[in-house]
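Protein chains in written order, with the working numbering: chain A, 67 to 201; chain B, 6 to 224.
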């Protein structure tokens with residue numbers, strides 16, 4: 067098999083995930099796009115490992131070992147990321163990453179308290195600041 | 006005798022070089038299968054990042070990850086393929102669906118699924134794709150993967166290399182997974198306890214609520 071097939075597919079998948087990370091607004095959709103990017107890297111690792119296991123004399127199968135490690139780290143990342151998204155959703159009532167701009171300068175009027183929709187929207191300002199300190 | 010042997014080796018050399026010269030216009034069956042599954046995978050990935058229905062995005066992600074598992078099988082990396090099916094399709098997508106439902110994602114079309122900087126993102130992604138594809142095709146134009154013979158990624162080979170050469174990273178990874186598990190539990194518990202303290206403060210004991218929140222704020 068020509069090596070360009072998996073390499074090109076991996077590059078295209080990575081750029082699809084890049085578009086998703088930049089263009090999506092829901093935090094969980096951003097996490098899905100990150101998964102796509104990690105999978106593109108995995109495909110590259112596996113393809114180059116299969117190529118090198120025949121082309122080189124002695125390999126440690128480092129590509130497949132790294133692919134397995136990437137899969138495990140992606141599982142850990144999705145667990146932590148979803149816990150953070152759920153904590154933010156409980157505190158703010160939204161998982162919209164465009165509204166989480168408390169640390170940005172010059173966006174005071176449209177803060178998260180003004181247009182947040184949900185149960186935690188009526189929480190006082192100090193509670194949200196404490197939540198920000200904990201989250 | 007020597008002449009015949011020389012002729013035989015020459016003929017052998019020509020046949021091997023003829024076998025070594027692969028053509029772009031005569032793809033093998035594995036390449037055709039890889040191309041078709043790759044098209045399905047890429048299409049599912051594009052639908053995942055562009056659809057306006059959030060649950061459909063998670064379900065198209067299943068198609069993309071399953072297609073990638075088939076690609077691993079075509080690359081003779083069997084163990085990675087089954088790990089991909091088990092972990093990604095089995096658990097990660099289920100976790101994502103749980104997350105979508107716990108954050109009260111709208112079921113139908115949500116008009117604000119995409120951000121306002123969509124066209125900037127599209128430009129960045131297309132530019133990156135063009136640059137990456139150009140560089141990769143130019144670099145590996147004359148490189149072929151030899152897929153014949155024993156599979157390069159069977160469970161035996163992968164396990165042997167993993168537990169002979171990669172034991173220390175493996176153990177470190179297990180510690181990392183434990184830390185991630187504990188971290189996820191701590192994050193969930195803290196938010197729930199704080200919400201309970203914020204919504205329903207007990208009138209009898211007003212002391213512990215603020216002190217707990219203060220300790221959490223200083224942490």
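Where is the CB? At the ideal position from N, CA and C, for every residue including glycine.
Note that this is a predicted model, so its numbers are computed, not measured.
Taking buried to mean at least 16 other C-beta atoms within 10 Å of its own C-beta, is residue i buried or exposed?
| i | result |
| --- | --- |
| residue 180 of chain B | exposed |
| residue 169 of chain B | exposed |
| residue 126 of chain B | buried |
| residue 178 of chain A | Only weak support is given to the placement of residue 178 of chain A: the predicted model assigns it a pLDDT of 48, under 50, and the value that follows is read from those uncertain coordinates. Result: buried. |
| residue 80 of chain A | buried |
| residue 160 of chain B | exposed |
| residue 44 of chain B | exposed |
| residue 40 of chain B | exposed |
| residue 180 of chain A | Note that residue 180 of chain A scores 43 on pLDDT, short of 50, meaning its location in the model is unreliable; the coordinates nonetheless yield the value given after this. That one is exposed. |
| residue 76 of chain B | buried |
| residue 65 of chain B | buried |
| residue 146 of chain B | exposed |
| residue 144 of chain A | buried |
What are the start and end residues of the alpha helix (DSSP H) that includes residue i?
| i | result |
| --- | --- |
| residue 143 of chain A | 128-158 |
| residue 85 of chain B | 83-89 |
| residue 72 of chain A | 70-89 |
| residue 117 of chain A | 93-121 |
| residue 171 of chain A | That residue, residue 171 of chain A, is in no alpha helix (DSSP H); it is neither H nor E in DSSP. |
| residue 77 of chain B | 59-79 |
| residue 43 of chain B | 34-55 |
Quick one: Cα of residue i to Cα of residue j, how far?
| i | j | result |
| --- | --- | --- |
| residue 162 of chain A | residue 92 of chain A | 5 angstroms |
| residue 71 of chain A | residue 156 of chain A | 44 angstroms |
| residue 67 of chain A | residue 62 of chain B | 31 angstroms |
| residue 141 of chain B | residue 165 of chain B | 31 angstroms |
| residue 117 of chain A | residue 71 of chain B | 22 angstroms |
| residue 113 of chain B | residue 130 of chain A | 40 angstroms |
| residue 92 of chain B | residue 100 of chain A | 15 angstroms |
| residue 81 of chain B | residue 156 of chain B | 5 angstroms |
| residue 31 of chain B | residue 37 of chain B | 10 angstroms |
| residue 98 of chain B | residue 87 of chain B | 15 angstroms |
| residue 68 of chain B | residue 46 of chain B | 7 angstroms |
| residue 163 of chain B | residue 137 of chain A | 15 angstroms |
| residue 138 of chain B | residue 194 of chain B | 45 angstroms |
| residue 104 of chain A | residue 140 of chain A | 7 angstroms |
| residue 60 of chain B | residue 132 of chain B | 29 angstroms |
| residue 57 of chain B | residue 90 of chain A | 10 angstroms |
| residue 170 of chain A | residue 106 of chain A | 32 angstroms |
| residue 149 of chain B | residue 69 of chain A | 5 angstroms |
| residue 76 of chain A | residue 79 of chain B | 15 angstroms |
| residue 55 of chain B | residue 86 of chain A | 8 angstroms |
Does any C-beta atom of chain A lie closer than 8 angstroms to the C-beta of residue i?
| i | result |
| --- | --- |
| residue 173 of chain B | no |
| residue 159 of chain B | no |
| residue 37 of chain B | no |
| residue 168 of chain B | no |
| residue 240 of chain B | Residue 240 of chain B falls outside the range modelled here, since chain B spans only 6 to 224, and no answer is possible. |
| residue 31 of chain B | no |
| residue 76 of chain B | yes |
| residue 123 of chain B | yes |
| residue 64 of chain B | no |
| residue 58 of chain B | no |
| residue 87 of chain B | no |
| residue 67 of chain B | no |
| residue 146 of chain B | yes |
| residue 178 of chain B | yes |
| residue 112 of chain B | no |
| residue 97 of chain B | yes |
| residue 34 of chain B | no |
Comparing the C-beta of residue i with each C-beta of chain B, is any distance below 8 angstroms?
| i | result |
| --- | --- |
| residue 170 of chain A | no |
| residue 101 of chain A | yes |
| residue 136 of chain A | no |
| residue 166 of chain A | no |
| residue 158 of chain A | no |
| residue 74 of chain A | yes |
| residue 81 of chain A | yes |
| residue 246 of chain A | Residue 246 of chain A is absent from the structure shown; chain A starts at 67 and stops at 201. |
| residue 122 of chain A | no |
| residue 116 of chain A | yes |
| residue 107 of chain A | no |
| residue 84 of chain A | yes |
Between the Cα of residue i and those of the options, spot the shortest distance and give me the residue it belongs to.
| i | options | result |
| --- | --- | --- |
| residue 118 of chain B | A/82, A/104, A/95, A/75 | A/95 |
| residue 48 of chain B | A/90, A/149, A/83 | A/83 |
| residue 172 of chain B | A/134, A/172, A/144, A/158 | A/134 |
| residue 52 of chain B | A/69, A/107, A/102 | A/102 |
| residue 174 of chain B | A/165, A/144, A/132 | A/132 |
| residue 105 of chain B | A/164, A/127, A/160 | A/160 |
| residue 149 of chain A | B/90, B/79, B/89, B/103 | B/103 |
| residue 126 of chain A | B/188, B/95, B/158 | B/158 |
| residue 154 of chain B | A/78, A/110, A/119, A/112 | A/119 |
| residue 165 of chain A | B/120, B/50, B/151, B/183 | B/120 |
| residue 109 of chain B | A/74, A/154, A/143, A/85 | A/154 |
| residue 89 of chain B | A/121, A/167, A/108, A/128 | A/108 |
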